[in-house]
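*Asks:*
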């Protein structure tokens, strides 16, 4: 396992997003940007393999120039190389066009293992990893909760699904999508942190650096189009009471009785 | 691409260990409606090993036609054999719409197939509607459920969508329904089978299925670690089940399989208790169809009150034990 590539995404922390109760719109101001949790677990998976096997880790992200923040964090955690795919031609990409761009970047590099997070918390699609695997013609294992190197050079990968775990055997090269619950990410190294932020060694690549047909990138290369988006209208028919605890308990019990639950 | 060539509605009918998954039948229910609106056929695609006996179930739940592939290499799900079995069917039959359950299998397989077909795929849809020309509007929650997005796939076919389990309605089984079946022979390229199942570890503990519960006692951030037993006690008294919001699951206080919401499960019990749950839309997305919603929260501006049938502004930690006792007394009478 000489070379590992980890794809990460900078996302708004969706747990911090609130609705404006009057206008019913999203309040996006002040919402912090973070490294997507499943991707950070993917980076941790790569770092553990590096600790054991001495691999070299390259981290890739696609996004606006300020997405370099997640790359700095990745370098400070122990990644060796960081590449930012940034170009207006990538903008507005759906999952297929995103996977096309990322696979195009991966193809330029040496790799034995490609890691993505299972899904990003702003989209929750879980599609980019498997789509990349198809474009790179790699075997894929999604929902990965563990990767263990074997003596014969193969790897045992645990795929954790609803009701069971599949222990799978695979040889390099392959692609996994990692679950946050499988890997608790480490903290950044202080020394690497200073280096990553003082002299960030981040390479910037544009569409011209990839051997990809521009017609397949960005909004133009996206088969799906967002037709409409709206925050959900909340309807209320019920009543809200401010009561002391004992009265509240009585009221709830009465309602349950009315509903024949009791 | 000539879009007119693409006709009919296909459902990939998921089975595990020879058992049809509920979401397969739910998709047939929705698929039937879409096929009727677009005056086309509803076709179920079934792959696995020794699964022919399931064909009649698919017809009884709405399929006009069932295409199936039966091979020992499909006994357990792995991506490559399943993709090799299904891709040629889709490429050959040119469906207008393909619906797949948004399970760990569907979410693994669907993007692989969409990339092979070079078409659009919309994940985890909660609503689907179609016009007579066959354009599919796929609605899904985004931004952690804070926003709903309606998505079209105007210039590529098939239009593909994974659909959340528990959202669409099954048709009532009707064994009088008529349909046809077709076995599809695949010549597998086994040299591409690079992932081998070494071991399958099934969860031994009895699985809690919150989506089947009639009464759910759901706790949120406002409950706190030391108060989880309080929810258990209330649930026990009501013969209900404990579930939780994402915050509680993320804090490691309860298993992920009890999480309600956008990244958890969609539930519609007779009674849903939202205790100390503020009601982020990502949570509401998973429980708003509940029959009767009782919310208790300290914050009178909590969004959960906007959908509650009965809202109580107050401290969960004080009210829940009193309520449990109240119910115990009522039961004695």
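Residue numbers (the numbering used here), protein chains in the order written: chain A, 42 to 303; chain B, 202 to 534.
Ideal Cβ placement from N, Cα and C applies to all residues, glycine included.
By the DSSP assignment, the beta strand (DSSP E) with residue 181/A in it spans what residues?
*Replies:* Along the first chain, read from residue 1 onward, the residue named residue 181/A stands at position 140. Looking at the DSSP string, the run of the beta strand (DSSP E) that includes residue 181/A is 181-190.
*Asks:* Apart from the five residues on each side of it in sequence, which residues of its chain come closer than 6 Å, Cβ to Cβ, to residue 207/A?
*Replies:* Here the question's residue 207/A lines up with position 166 in the first chain. If we look at residue 207/A and ignore the five residues flanking it on each side, its Cβ neighbours are 200.
*Asks:* Using a C-beta cutoff of 7 Å, does residue 296/A count as contacting chain B?
*Replies:* Along the first chain, read from residue 1 onward, the residue named residue 296/A stands at position 255. Yes, residue 296/A lies at the interface with chain B (some Cβ there is under 7 Å from its Cβ).
*Asks:* Along the alpha helix (DSSP H) that carries residue 87/A, what are the first and last residues, could you check?
*Replies:* Locating residue 87/A in the first chain gives position 46, where the first residue counts as 1. Where residue 87/A is concerned, the enclosing alpha helix (DSSP H) stretches over 78-94.
*Asks:* Can you check which of these residues, 129/A, 295/A, 75/A, is closest to residue 111/A by C-alpha distance?
*Replies:* For the purposes of this step, residue 111/A is taken as the residue at position 70 of the first chain. Ranking 129/A, 295/A, 75/A by Cα distance to residue 111/A puts 75/A first.
*Asks:* So is residue 490/B in contact with chain D if we call contact Cβ pairs under 7 Å?
*Replies:* Although the question refers to chain D, the structure presented lacks it and instead comprises the protein chains A and B.
*Asks:* Going straight from the alpha carbon of residue 303/B to that of residue 526/B, what length do you get?
*Replies:* Position 102 of the second chain, counting from 1, holds the residue named residue 303/B. Position 325 of the second chain, counting from 1, holds the residue named residue 526/B. Near 41 Å, if we compare the C-alpha coordinates of residue 526/B and residue 303/B.
*Asks:* At least one CB of chain A closer than 7 Å to the CB of residue 401/B: is that the case?
*Replies:* Numbered from 1 along the second chain, position 200 holds the residue referred to as residue 401/B. With 7 Å as the cut-off, residue 401/B counts as an interface residue toward chain A.
*Asks:* Kindly provide the ranges of any alpha helix (DSSP H) runs that are 4 or more residues long and lie completely inside the stretch 470-507 of chain B, ordered along the chain.
*Replies:* 482-485
*Asks:* Listing by chain order, which chain B residues have their CB less than 7 Å from the CB of residue 207/A?
*Replies:* Your numbering for residue 207/A matches position 166 in the first chain. The contacting residues are 398, 401.
*Asks:* Suppose you measure from the CA of residue 241/B to the CA of residue 297/B; what does that come to, to the nearest Å?
*Replies:* In the second chain, counting from the first residue as 1, residue 241/B sits at position 40. In the second chain, counting from the first residue as 1, residue 297/B sits at position 96. Roughly 9 Å between the two C-alpha positions.
*Asks:* Starting from residue 284/A, find everything on chain B with Cβ-Cβ shorter than 7 Å and list it in chain order.
*Replies:* Numbered from its first residue, the first chain carries residue 284/A at position 243. Per Cβ cutoff of 7 Å: 513, 515.
*Asks:* Name, in chain order, the residues that DSSP records as bridge partners for residue 420/B.
*Replies:* For the purposes of this step, residue 420/B is taken as the residue at position 219 of the second chain. BP columns for residue 420/B point to 445/B, 476/B.
*Asks:* Give the secondary structure of residue 297/A by DSSP, where H, G and I count as helix, E and B as strand, and everything else as coil.
*Replies:* The residue labelled residue 297/A in the question sits at position 256 within the first chain. Correct three-state label for residue 297/A: helix.
*Asks:* Between the Cα of residue 128/A and the Cα atoms of 140/A, 169/A, 105/A, 282/A, which residue gives the shortest distance?
*Replies:* Against the first chain, residue 128/A aligns to sequence position 87. When each option's Cα is compared against that of residue 128/A, the closest is 105/A.
*Asks:* Are any of the Cβ atoms in chain B nearer than 7 Å to that of residue 191/A?
*Replies:* On the first chain, residue 191/A is found 150 positions in, with the first residue counted as 1. Contacts with chain B at 7 Å (Cβ-Cβ) do not include residue 191/A.
*Asks:* Indicate whether at least one CB of chain B lies closer than 7 Å to the CB of residue 203/A.
*Replies:* Sequence index remark: in the first chain, residue 203/A carries index 162 (1-based). At least one chain B Cβ lies under 7 Å of residue 203/A.
*Asks:* Quick check: residue 204/A and residue 206/B, are their CB atoms within less than 7 Å of each other?
*Replies:* Locating residue 204/A in the first chain gives position 163, where the first residue counts as 1. Locating residue 206/B in the second chain gives position 5, where the first residue counts as 1. Their beta carbons are not under 7 Å apart, which means residue 204/A does not touch residue 206/B by this criterion.
*Asks:* By the 10 Å Cβ neighbour count, where 16 or more other Cβ atoms means buried, how is residue 357/B classified, buried or exposed?
*Replies:* Here residue 357/B refers to the residue found at position 156 when the second chain is read from its first residue. Result: buried.
*Asks:* Flag this pair as touching only if the stretch 265-274 of chain B and the stretch 131-138 of chain A have three or more C-beta atom pairs under 8 Å; answer yes or no.
*Replies:* no
*Asks:* Assuming the contact rule is C-beta atoms closer than 8 Å, residue 226/B and residue 262/B should be a hit. Round their C-beta distance to whole Å, please.
*Replies:* The residue given as residue 226/B occupies position 25 in the second chain. The residue given as residue 262/B occupies position 61 in the second chain. Confirmed, Cβ separation roughly 5 Å.
*Asks:* If you drop the 5 nearest sequence neighbours on each side, which residues of the same chain put their C-beta closer than 8 Å to that of residue 622/B?
*Replies:* Residue 622/B lies beyond the residue range present for chain B, which begins at 202 and ends at 534; the question has no answer from this structure.
*Asks:* Can you name the residues of chain A whose CB is closer than 8 Å to the CB of residue 273/B?
*Replies:* Taking the first residue of the second chain as position 1, residue 273/B is located at position 72. Under the 8 Å cutoff, chain A gives no residues; its nearest Cβ is about 17 Å from residue 273/B.
*Asks:* What residues in its chain sit with their C-beta under 8 Å from that of residue 230/A, if we drop five residues either side in the sequence?
*Replies:* Residue mapping note: residue 230/A aligns to position 189 of the first chain, counting from 1. So the list reads 117, 118, 119, once near-sequence residues are dropped.
*Asks:* Where DSSP assigns a beta bridge to residue 215/A, which residues make up the other side?
*Replies:* Position 174 of the first chain holds residue 215/A. Per DSSP, the beta bridge partners of residue 215/A are 154/A.
*Asks:* Counting only beta-carbon atoms, is residue 321/B nearer than 7 Å to chain A?
*Replies:* Against the second chain, residue 321/B aligns to sequence position 120. Yes, contact with chain A.
*Asks:* Need the endpoints of the alpha helix (DSSP H) that residue 288/B sits in, please.
*Replies:* Along the second chain, read from residue 1 onward, the residue named residue 288/B stands at position 87. Start and end: 280-294.
*Asks:* Under 7 Å, Cβ to Cβ, is there at least one residue of chain B near residue 264/A?
*Replies:* Position 223 of the first chain holds residue 264/A. Chain B, which has a Cβ nearer than 7 Å to the Cβ of residue 264/A, makes this yes.
*Asks:* Of the choices 522/B, 534/B, 474/B, 348/B, whose alpha-carbon is the least far from that of residue 55/A?
*Replies:* Numbered from 1 along the first chain, position 14 holds the residue referred to as residue 55/A. Checked all of 522/B, 534/B, 474/B, 348/B; the closest Cα to residue 55/A is 348/B.
*Asks:* Please report how far the alpha carbon of residue 90/A lies from the alpha carbon of residue 96/A, in whole angstroms.
*Replies:* Taking the first residue of the first chain as position 1, residue 90/A is located at position 49. Taking the first residue of the first chain as position 1, residue 96/A is located at position 55. Distance between the alpha carbons of residue 90/A and residue 96/A is about 7 Å.
*Asks:* Along chain B, which residues have their Cβ under 7 Å away from the Cβ of residue 182/A?
*Replies:* Against the first chain, residue 182/A aligns to sequence position 141. Going along chain B in sequence order, the residues near residue 182/A (Cβ under 7 Å) are 396.
*Asks:* With distance defined between alpha-carbon atoms, name the residue in 285/B, 374/B, 217/B nearest to residue 230/B.
*Replies:* Your numbering for residue 230/B matches position 29 in the second chain. Nearest option by C-alpha distance: 374/B.
*Asks:* Just to confirm the assignment: which complete beta strand (DSSP E) runs, minimum length 3, are found wholly within the stretch 246-275 of chain B?
*Replies:* 266-271
*Asks:* Inspect the beta-carbon positions of residue 214/A and residue 153/A and report whether they are closer than 7 Å.
*Replies:* One-based indexing of the first chain puts residue 214/A at position 173. One-based indexing of the first chain puts residue 153/A at position 112. Closer than 7 Å, so yes.
*Asks:* Taking Cβ-Cβ distances shorter than 8 Å, what residues in chain A pair up with residue 519/B?
*Replies:* Residue numbering aside, residue 519/B sits at position 318 when the second chain is read from its first letter. Those within 8 Å of residue 519/B in chain A are 286.
*Asks:* Measuring alpha carbon to alpha carbon, tell me which of 439/B, 481/B, 492/B, 486/B ends up nearest residue 279/A.
*Replies:* What you label residue 279/A is simply residue 238 of the first chain in a count that begins at 1. Out of 439/B, 481/B, 492/B, 486/B, 492/B has the C-alpha closest to the C-alpha of residue 279/A.
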